[in-house]
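Everything below concerns the one structure shown next.
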Amino acid sequence: MSTDLLAGLRGRLIVSCQAYPGEPLRDPDAMRRTALAVIEGGAAGIRAQGLDDLRAIRPATGLPLIGLWKDGATGVYITPTARHAVEVARTGADIVALDATDRPRPDGRPLAESIDAVHAAGRLVMADVSTEAEGVRAAGLGADLVGTTLSGYTEGSPRTEGPDLRLVERLAGALDVPVIAEGRIHTPAQARAALEAGAFAVVVGTAITHPTTLTRWFDAAVRGATV
Numbered sequence: 012m013s014t015d016l017l018a019g020l021r022g023r024l025i026v027s028c029q030a031y032p033g034e035p036l037r038d039p040d041a042m043r044r045t046a047l048a049v050i051e052g053g054a055a056g057i058r059a060q061g062l063d064d065l066r067a068i069r070p071a072t073g074l075p076l077i078g079l080w081k082d083g084a085t086g087v088y089i090t091p092t093a094r095h096a097v098e099v100a101r102t103g104a105d106i107v108a109l110d111a112t113d114r115p116r117p118d119g120r121p122l123a124e125s126i127d128a129v130h131a132a133g134r135l136v137m138a139d140v141s142t143e144a145e146g147v148r149a150a151g152l153g154a155d156l157v158g159t160t161l162s163g164y165t166e167g168s169p170r171t172e173g174p175d176l177r178l179v180e181r182l183a184g185a186l187d188v189p190v191i192a193e194g195r196i197h198t199p200a201q202a203r204a205a206l207e208a209g210a211f212a213v214v215v216g217t218a219i220t221h222p223t224t225l226t227r228w229f230d231a232a233v234r235g236a237t238v
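Next comes the structure, spelled out in structure tokens:
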């Protein structure tokens with residue numbers, strides 16, 4: 012099953028459907044509808060966060076669903092512990108995404124414990140990393156996919172203006188597991204460049220599903236053109 016699941020994502024677009032606390036779209040049904048809308052546009056998979064959102068989205072589509080649980084706002088907060096990972100798996104998400112950086116986890120437990128817990132639940136693991144070394148370590152611990160999600164968001168990874176294509180390229184050359192390009196992919200050209208750099212698939216979120224940010228981009232451009 013996992014082979015078929017991943018085959019359907021090869022060379023395709025995964026769309027992240029998330030809203031931040033306090034925003035009008037921070038609602039499970041809104042995210043379910045957002046997921047359905049991007050699927051109509053051709054998304055091959057969905058990435059979403061929060062148990063309620065995942066439970067709302069899962070029955071709405073049979074496409075691969077990458078689930079995570081953000082708990083906290085700093086440090087390791089993307090599915091930070093094995094307990095969080097198991098709860099995400101129980102929503103029916105096919106793949107559980109978790110922070111696989113070298114930063115300490117809030118419960119002090121090792122990354123391997125979370126990876127093993129997800130596998131015991133019959134799901135795949137997507138390791139969100141910020142450096143090549145973290146990706147190699149996560150794959151060695153059994154992660155089924157490695158994503159560049161956290162590049163530019165940790166002390167050990169400088170933030171590039173666009174996607175970290177160099178990291179995509181290095182991970183693709185170093186790993187046998189699929190590498191997922193994610194983070195600051197804001198245009199179709201950048202998404203294509205990520206695939207050309209060796210990505211197995213591409214995750215795009217903000218540039219598709221976050222109208223507040225999109226509006227800010229356009230508003231800044233309009234204001235900048237005003238004499």
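Going by the numbering used here, the first residue of the sequence shown is number 12, and it counts up by one from there. Every residue gets a Cβ at the ideal spot worked out from N, C-alpha and C, and that includes glycine.
Distance check for Ala-236 and Gly-151, CA to CA, integer angstroms please.
51 Å
What I want to know is whether the C-beta of Pro-189 ends up closer than 7 Å to one or more non-hydrogen atoms of the ligand HEM.
This structure simply doesn't include the ligand HEM, nor any ligand for that matter.
For Trp-80 and Val-129, the rounded distance between their alpha carbons:
Taking the straight line joining both Cα atoms gives about 13 Å.
Just tell me which of Arg-148, Ala-144 and Ile-106 has its CA closest to the CA of Ala-132.
Ile-106
Arg-116 versus Met-137, Ala-96 and Gly-86, residue with shortest Cα-Cα distance
Gly-86
Can you tell me whether Ser-13 is buried or exposed? The criterion is at least 16 other CB atoms within 10 Å of its CB, across all chains shown.
exposed
Can you tell me whether Val-238 is helix, strand or coil according to DSSP?
Unreliable positioning characterises Val-238 in this predicted model, as indicated by a pLDDT of 49, which lies under 50. A coordinate reading is not provided.
Ignoring anything shorter than 4 residues, give me the alpha helix (DSSP H) runs that lie fully in the stretch 83-125, in order along the chain.
93-101
Could you pull the start and end residues of the beta strand (DSSP E) that Arg-58 belongs to?
56-60
Over what stretch of residues does the beta strand (DSSP E) that includes Gly-146 continue unbroken?
Careful: Gly-146 lies outside any beta strand (DSSP E), inside the alpha helix (DSSP H) at 143-151.
Evaluate Phe-229 with the Cβ neighbour count: other Cβ atoms within 10 Å of its Cβ, from every protein chain shown; 16 or more gives buried, anything less gives exposed.
exposed
Just to confirm the assignment: which complete alpha helix (DSSP H) runs, minimum length 4, are found wholly within the stretch 150-191?
176-185
Could you check whether Leu-74 and Ile-50 sit closer than 8 Å to each other, using their CB atoms as the reference points?
yes
Rounded straight-line distance, which links the Cα of Arg-234 to that of Leu-17:
43 Å
Is the beta carbon of Val-179 sitting closer than 8 Å to the one on Ile-196?
no
Can you tell me whether Arg-58 is buried or exposed, with buried defined as 16 or more other CB within 10 angstroms of its CB?
When all chains shown are included, Arg-58 counts as buried.
In the DSSP assignment, the beta strand (DSSP E) including Ile-219 goes from what residue to what residue?
Unbroken run through Ile-219 is the alpha helix (DSSP H), 217-220; no beta strand (DSSP E).
How many angstroms separate the CA atom of Leu-225 from the CA atom of Gln-201?
16 Å
Rounded Cβ spacing between Leu-206 and Gly-22 (contact assumed at less than 8 Å)
Yes, they are in contact, since the Cβ atoms of Leu-206 and Gly-22 sit about 6 Å apart, within 8 Å.
When we look at the beta-carbon of Val-238 and count the other beta-carbons within 10 Å, is it buried (16 or more) or exposed?
In this predicted model, Val-238 has a pLDDT of only 49, less than 50, meaning its place in the structure is not dependable enough to derive any value.
Nearest-angstrom Cα distance between Ala-218 and Val-26?
Rounded to the nearest angstrom, the two C-alpha atoms are 10 Å apart.
Is Asp-110 near Leu-161, with beta carbons less than 8 Å apart?
When the beta-carbon positions are compared, Asp-110 and Leu-161 come within less than 8 Å of each other.
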